[in-house]
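Numbering (my numbering), first residue to last: 90 to 817.
Working notes for the structure below.
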Amino acid sequence: MEYEPPQPMETDRVNPPQPQDPPRIQRLDKSVVNRIAAGEVIQRPVSAVKELVENSLDAGSTSINVSVKDGGLKLIQVSDDGHGILYEDLPILCERHTTSKLSSFEDLQSIKSMGFRGEALASMTYVAHVTVTTITSGQLHGYKVSYRDGVMEHEPRPCAAVKGTQIVIENLFYNMIARMKTLKNSADDYPKIVDLLSRFAIHHNNVSFFCKKHGATTADVHSVAMPSRLDAIRSVYGVSVARNMIKIEASDADLSNSVFDMDGFISDSNYSAKKTTMVLFINERLVECTALKRAIEIIYAATLPKASKPFIYMSITLPPEHVDVNVHPTKREVSLLNQEVIIERIQSTIEMKLRSLNEAGTYQEQPADSSPVSSVAANKVSPINTSTSGSQKIYAYKKVRTDLQDPSGRLHAYMQAKTLKNLESNHGLNSLRSSIRQRRNPKETADLTSVQELINEVERGCHSGLLDIVRNCTYVGMADDVFALLQHNTHLYIANVVNLSKELMYQLVLQRFGYFNAIQLSDPAPLQELITLALREEDPDTEENENDDFKVKIAEMNTKLLIQKAEMLDEYFGIHVDPQGNLSRLPVILDQHTPDMDRVPEFVLCLGNDVIWDDEKICFQTIAAALGNFYALHPPLLPNPSGDGLKFYNRGHQKENVSGGNDMVDDGVDNELLSEAENAWAQREWSIQHVLFPSMRLFFKPPTSMATNGTFVQVASLEKLYKVFERC
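Following this line, the structure appears as structure tokens:
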């Protein structure tokens with residue numbers, strides 16, 4: 090019997106797939122191409138500002154004004170006093186690849202201007218509304234014209250104008266929804282714009298730069314023409330940065346190797362910052378060079394204590410043909426011929442400079458009587474009157490070692506490379522005290538007997554010994570999250586910063602009673618929600634909270650109470666509660682200090698629960714105490730990332746292992762949360778050094794209780810240390 094293969098059933102038959110034609114290649118519409126290109130050139134509002142400022146500098150401007158609204162998304166206005174734009178050039182001003190900087194590709198090899206491709210203005214017209222107002226020399230009036238998608242919307246209209254050009258960019262990225270959403274969810278671009286203008290201001294020190302938010306009365310960058318770049322650094326970044334700068338120069342003329350000239354300023358060992366600031370100009374262009382920045386950071390980490398993060402300003406000049414400027418859409422980066430050789434040469438020059446400073450570093454000593462303290466305090470340490478005989482011997486254990494140039498100094502700032510005759514001993518402290526006195530509220534305390542009684546109690550309870558320490562101490566640094574190190578004459582103390590700031594704020598509330606400036610909250614905060622949140626934090630429960638209704642009732646009662654007392658709170662303490670029960674304003678107790686807003690719920694609950702409203706004096710005292718606790722310099726709620734708290738920022742997830750259990754898998758560090766914590770802790774330390782202690786020297790009356798409750802503790806004495814080591 091022959092075998093017959095089974096016949097396929099009807100349902101088993103499969104139709105073979107029909108061949109499909111490959112997708113056709115089509116030419117993109119010109120508007121799509123232009124918008125894609127615009128998104129590469131203008132990546133953020135700061136990119137637009139950079140392009141416009143560079144155009145103003147190319148136009149020979151001596152004054153550039155920038156005004157910004159909503160981080161640049163709503164409005165960017167750049168005005169200059171340059172040579173302007175000819176009427177005949179206005180029709181093609183915003184077309185792609187129209188420029189006055191070059192005519193052939195070979196011109197790129199010798200280009201010296203900052204703009205050259207003719208893409209910036211054109212790109213802006215495809216993603217924003219652009220208006221140009223300009224006037225050239227000799228014209229009786231200027232012209233104003235608007236652009237959209239690279240072309241004029243109307244003929245140029247005559248108008249009144251001042252010398253130069255004004256370009257207004259409105260509604261940036263209005264037609265790029267994804268880009269708009271990305272920028273709205275990120276941090277405001279305005280700080281980036283301020284940083285950009287600050288960098289331009291120190292390099293182009295012969296140009297005045299002005300930058301402010303639209304509608305603001307004060308400028309965030311206001312740099313006038315300066316005779317030198319060091320003066321420009323002082324004007325823009327402050328005296329504390331400029332006085333720690335050292336000149337640096339390097340060059341090479343070997344045609345077979347590298348040809349360049351470099352000059353600039355770098356920070357010395359007294360400069361301290363959380364991150365590196367590098368301002369780099371190559372052939373007058375503001376650019377970035379990661380390799381050079383990293384090389385310099387390595388030198389600082391190996392040479393200076395604590396791996397200091399430097400401040401660097403550097404201007405490098407090379408032959409134009411050795412620089413390729415056309416490697417990045419935003420011109421942020423350039424490519425250099427023999428880049429490795431140039432970086433190595435600059436790195437070795439900086440290393441030699443820093444090592445020479447370290448070798449020259451010496452300790453500066455000063456007798457107790459010549460220190461910037463009162464004569465009474467000095468005589469307590471040394472009975473020798475140095476004013477009558479400068480040749481009398483001062484014993485070593487009687488000498489007070491302090492940093493004369495920076496009385497609010499840092500631990501490593503005691504190393505100096507300057508002689509005494511070049512030091513201005515009291516300049517830093519005196520200027521700081523002067524500025525604080527100018528910021529004091531000149532109004533007198535409200536004429537209320539109860540308030541005056543509270544102030545008198547503070548005066549009577551003042552400890553004279555602690556007052557002398559507070560008035561004449563030198564801030565050394567933070568010993569941990571709570572205690573600060575202080576030097577007073579030949580003694581070293583640790584002081585509880587939280588207790589000190591709490592008492593200082595309490596005393597300032599009484600002194601400024603009835604005359605407070607205001608901190609306006611961006612959004613009014615509902616009191617009831619704040620109090621409910623504080624109650625839940627006091628009694629956290631992972632399961633459903635059965636007492637929620639009870640807490641809501643407490644919150645309602647306290648809210649009604651605070652609404653009833655709103656007029657008094659506003660008039661005497663600057664705490665504004667509206668009739669709807671929203672907190673909208675808080676008082677300014679200490680200038681340049683803002684309380685931790687994460688503690689607002691706790692503060693509002695304290696106002697409702699802890700204030701005794703029936704007795705006037707006790708009422709004012711308890712409100713002042715609540716404000717003092719709220720404004721005190723508590724450690725931030727996020728753990729300190731510099732210690733064991735770094736573990737808090739590690740992201741992880743549970744993963745089942747072979748044995749059936751769960752292991753925690755490390756997903757790395759939550760960089761966003763870590764950055765927020767680092768900023769919070771750095772801001773607190775800055776406030777302690779530059780706001781809290783200078784204010785304490787002027788206003789604080791330490792109560793007697795602080796001598797025994799651990800707020801001040803002496804940890805070392807030079808005289809006792811000498812006795813210990815003499816026995817060894």
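Glycine included, each C-beta is placed from N, C-alpha and C at the ideal position.
DSSP puts residue i in a beta bridge; with which residues?
{"i": "Arg246", "result": "Lys233"}
{"i": "Glu338", "result": "Asp352"}
{"i": "Ser764", "result": "According to DSSP, Ser764 bridges with nothing at all."}
{"i": "Gln166", "result": "Ser156, Val257"}
{"i": "Leu575", "result": "Tyr564, Tyr582"}
{"i": "Asn739", "result": "Val758"}
{"i": "Lys642", "result": "None, per the DSSP bridge assignment."}
Applying the 10 Å Cβ sphere with the 16-neighbour rule, what's the burial state of residue i?
{"i": "Leu500", "result": "For Leu500, the predicted model reports a pLDDT of 48, less than 50, meaning its position is unreliable; a value from the coordinates is still stated below. By the 10 Å Cβ count, Leu500 comes out exposed."}
{"i": "Cys248", "result": "exposed"}
{"i": "Asn264", "result": "exposed"}
{"i": "Lys233", "result": "buried"}
{"i": "Lys532", "result": "Note that Lys532 has pLDDT 40, beneath the 50 cutoff, so the model's placement of it is unreliable and the number below is only indicative. Per the 10 Å Cβ criterion, exposed."}
{"i": "Met441", "result": "exposed"}
{"i": "Gln617", "result": "buried"}
{"i": "Gly554", "result": "exposed"}
{"i": "Ser478", "result": "Note that Ser478 scores a pLDDT of 38, beneath 50, so its modelled location is shaky and nothing firm can be said."}
{"i": "Thr508", "result": "Summary for Thr508: the model assigns pLDDT 35, below 50, so the residue's position carries little reliability, and this model does not support an answer."}
{"i": "Ile322", "result": "buried"}
{"i": "Asp343", "result": "exposed"}
{"i": "Asn79", "result": "Only positions 90 to 817 of the chain appear in this structure, which leaves residue 79 out of reach."}
{"i": "Glu627", "result": "exposed"}
{"i": "Glu454", "result": "Note that Glu454 scores 38 on pLDDT, short of 50, meaning its location in the model is unreliable and no value can be drawn from it."}
{"i": "Met646", "result": "exposed"}
{"i": "Ala380", "result": "exposed"}
{"i": "Glu140", "result": "buried"}
{"i": "Ala362", "result": "exposed"}
{"i": "His292", "result": "buried"}
{"i": "Val251", "result": "exposed"}
{"i": "Asp284", "result": "exposed"}
{"i": "Ser524", "result": "At Ser524 the pLDDT is 44, less than 50, meaning the model places this residue with poor confidence; the figure from the coordinates comes in the next sentence. That one is exposed."}
Pick from the options: whose alpha carbon is nearest that of residue i?
{"i": "Ile432", "options": "Ile401, Arg383, Ala769, Ile337", "result": "Arg383"}
{"i": "Arg237", "options": "Ala250, Thr254, Leu261", "result": "Leu261"}
{"i": "Ala217", "options": "Gly227, Cys183, Glu244, Ser776", "result": "Cys183"}
{"i": "Thr579", "options": "Leu555, Ile678, Leu810", "result": "Leu810"}
{"i": "Gly60", "options": "Ser329, Ser312, Ile165", "result": "Past the edges of the chain, shown from 90 to 817, lies residue 60, and the structure says nothing about it."}
{"i": "Thr222", "options": "Leu619, Met594, Ser168, Leu616", "result": "Ser168"}
{"i": "Tyr155", "options": "Asp557, Asp147, Val135", "result": "A quick correction: the sequence has Val, not Tyr, at residue 155. Closest option to Val155, Cα to Cα, is Val135."}
{"i": "Pro668", "options": "Glu656, Tyr738, Leu679", "result": "Glu656"}
{"i": "Asp680", "options": "Ile652, Met594, His723", "result": "Met594"}
{"i": "Asn729", "options": "Ala721, Glu765, Cys708, Asn718", "result": "Glu765"}
{"i": "Asp685", "options": "Ser297, Asp704, Ala769, Leu762", "result": "Ala769"}
{"i": "Gln710", "options": "Glu208, Glu592, Val412, Ser145", "result": "Glu592"}
{"i": "His243", "options": "Thr254, Val219, Gly227", "result": "Val219"}
{"i": "Asp659", "options": "Glu645, Phe789, Val677", "result": "Val677"}
{"i": "Ser152", "options": "Thr538, Gln436, Val313", "result": "Val313"}
{"i": "Phe719", "options": "Lys640, Met315, His682", "result": "His682"}
{"i": "Val412", "options": "Val376, Val368, Val547", "result": "Val376"}
{"i": "Ala805", "options": "Tyr582, Lys640, Trp775", "result": "Tyr582"}
{"i": "Gly353", "options": "Glu338, Thr365, Asn346, Ser361", "result": "Glu338"}
{"i": "Val310", "options": "Tyr326, Arg318, Pro316", "result": "Tyr326"}
Quick check: residue i and residue j, are their CB atoms within less than 8 Å of each other?
{"i": "Trp702", "j": "Lys654", "result": "yes"}
{"i": "Leu589", "j": "Met785", "result": "yes"}
{"i": "Gly663", "j": "Phe605", "result": "yes"}
{"i": "Thr406", "j": "Asp350", "result": "yes"}
{"i": "Arg332", "j": "Thr392", "result": "no"}
{"i": "Leu722", "j": "Val565", "result": "no"}
{"i": "Ile258", "j": "Met213", "result": "yes"}
{"i": "Val348", "j": "Pro409", "result": "no"}
{"i": "Gln576", "j": "Cys562", "result": "yes"}
{"i": "Leu175", "j": "Thr254", "result": "no"}
{"i": "Phe782", "j": "Ile558", "result": "no"}
{"i": "Ile401", "j": "Val368", "result": "yes"}
For chain E, check one thing: does any of its Cβ atoms lie closer than 8 Å to the Cβ of residue i?
{"i": "Val587", "result": "Among the chains in the structure shown there is no chain E, since it carries only a single protein chain."}
Task: Segment contact flag, the stretch 692 to 708 with the stretch 599 to 613, C-beta cutoff 8 Å, min 3 pairs - done: no
- [ ] Could you tell me whether the stretch 567 to 587 touches the stretch 678 to 693, where touching means 3 or more Cβ pairs closer than 8 Å?
- [x] no
Open item on the list: Three Cβ pairs or more, each shorter than 8 Å: is that satisfied between the stretch 645 to 652 and the stretch 711 to 723?
Closed with: no
Open item on the list: Across the stretch 294 to 311 and the stretch 372 to 388, are there enough close Cβ pairs to call them in contact, namely three or more that are closer than 8 Å?
Closed with: no
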